[in-house]
């Protein structure tokens, strides 16, 4: 990069930082300007603008606010007050946003519950929020019936369009559309609770992350600057609204600026380009696997006919990044890193493929609360030196990202509604006695130019033959092989060996020479990183936010009896490639008959 290009990049970043400060600089845990105040200011400024386009219908900002006020006045009529909680268990629709925005008007906390949950998981999410009421939509009847006996304190169910529960539609029609008096939220500050947003539950029951008013405001405003969103934009959201990326960051990016949200009930690869083009989308909100699905889809006549100029999201892997932008003619994407509850976050403002952010020298002071520490894969703990303190990771060395916990809005960690889960995320006596840091559970690295890269989730990296294996690196290599659509990589124990052997659950979108895949991977990966086992599934097992499920796959391992119906392959040294896991090969595996 020449000097002029470097200066232009730095100037653009400087402008973006100024915009971030403009939008988020007054957010404070001690401020009495709350989420509902932000919503109402936007409505007053953009009342005639279209807030939502959904299934052919338009909702103006004024209409959205009137519906939010109906939700608020209805909740007041049910006897709810500031600090009480309502569980929102509803499919994507404009009423979803109007509901929790309305409850925020009166200081009522909303638990945003994954609308795909059933049984124990659903009841668990409702119970830990201590919700007084459950608000559902048109598609949740079966799930509510199935979990009915599991809800603690039997909260009343109110349904907007469903058959199970009280008739919320009729109740809202009778409620006033006038804004409730602000006195209902008087006394609340930025540090007070606004929402519960749940972890995806890839490794057990979901945890309820506590989102304060200030944190919610930050999430709703932080992605306006990198995408330069204005009231002229139309933001296409296909992600679930119970998730922070789509439901808070994406919704806020639009509704704080007067832009329009083009909302879809759920993501559809086949309908994506029709929607985006026909509705005039100019911006998108993505998850990495959403982009992968689109890249793996057949050509669509409208895939370059759209007006999309930007987008933001996370989890976009390098092997998909360039192909996605070039094939679909999208000039700018802002990849970010962060968790709903954490205090470590980055945004890749300049769009460098593969990076999740950049901290140049002149910005170091703004990220003094973020560190990267050496990490031991086997113990899954940071490495400590002779003095007992953690050792900073070197440039280009993967380390666990940690964030110092403080009172500043960017440094706070509110924890979960589960003290044991909260404690697991804390790291004490890190660089000095008595300091307290948040553990991200992620391995990141930083290069000399200040770019930061995601390496892997802790627990997803495993050791084999004395080496650390990154599941992301292996997954990227598998995805480069023609005919392999998705790859979910994990480690499994093998009798008679140390560490864990690599295994991949893949889906296919074409013919694949499975015996020859081993040779292809050996040319792309170090020998120790090439998976020993391959499982071919009809479709990938993911959460509602497209994260791969691994716990069940690890438990099933390479036992043919447990993976019945899926083709199972293993590396056989005698074949110099992958071979089917037959009963004989499986028996020899258990007896330690293979030397890998």
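In this note's numbering, the protein residues as written are 4 to 599. We put the beta carbon where it would ideally sit given N, CA and C, even for glycine.
Between residue 362 and residue 392, the gap from beta carbon to beta carbon reaches 8 Å or more. Within the same chain, 340, 341, 373, 404, 405, 406, 441, 443 come within 8 Å of residue 347 by CB-CB distance, once the 5 residues on both sides are set aside.
Under a 10 Å Cβ-count criterion, residue 243 is classified as buried, with 16 or more other Cβ atoms of the shown protein chains found around its own Cβ. Within a 10 Å sphere around the beta-carbon of residue 516 sit fewer than 16 other beta-carbons, which makes this residue exposed. Straight-line spacing of the CA atoms in residue 308 and residue 328 works out to 14 Å. Taking residue 352 as the centre and dropping the five residues before and after it, the same chain places the C-beta of 16, 19, 229 closer than 6 Å to its C-beta, in chain order. Looking at the DSSP output, residue 239 shares a beta bridge with 265, 287. Segment contact: the segment 275-288 against the segment 69-80, fewer than three CB-CB distances shorter than 8 Å; contact not assigned. Counting other Cβ atoms within 10 Å of its Cβ, residue 553 reaches 16 or more and is therefore classed as buried. About 7 Å separates the CB atoms of residue 147 and residue 168; that is less than 8 Å, so the two are in contact. Burial state of residue 68 is buried, judged by a 10 Å Cβ sphere holding 16 or more other Cβ atoms. Between residue 572 and residue 597, the C-beta spacing is not below 8 Å.
For the pair of segments examined, the segment 243-260 was found to touch the segment 85-102: the number of CB pairs separated by less than 8 Å reaches three. Using a Cβ distance threshold of 8 Å, residue 502 and residue 466 count as a contacting pair. Ranked by Cα distance from residue 458, the options 430, 422, 401, 520 are led by 401. Residue 349 is a Cβ neighbour of residue 360, given a cutoff of 8 Å.
As DSSP reads the structure, residue 385 sits in a beta bridge with 378. Relative to the Cα of residue 450, the nearest Cα in the group 476, 375, 507, 513 belongs to 375. In the structure shown, the three-state DSSP call for residue 198 is strand. The three-state reading of DSSP puts residue 22 in helix, counting H, G and I together. The criterion of a C-beta distance shorter than 8 Å is satisfied by residue 356 and residue 325. Under the 10 Å beta carbon count, residue 161 is surrounded by 16 or more other beta carbons and is classified as buried.
Taking a C-beta distance under 8 Å as the contact criterion, residue 320 and residue 298 do not qualify as a contact pair.
Its Cα nearest to that of residue 412, the residue 195 stands out among 156, 61, 195.
One Cα belongs to residue 88, the other to residue 214, and the distance between them is close to 13 Å. Looking at the DSSP output, residue 573 shares a beta bridge with 536, 582. Per DSSP, the beta-bridge partners of residue 454 are 361. Excluding the 5 residues flanking it on each side, residue 593 has same chain C-beta neighbours closer than 6 Å at 498, in chain order.
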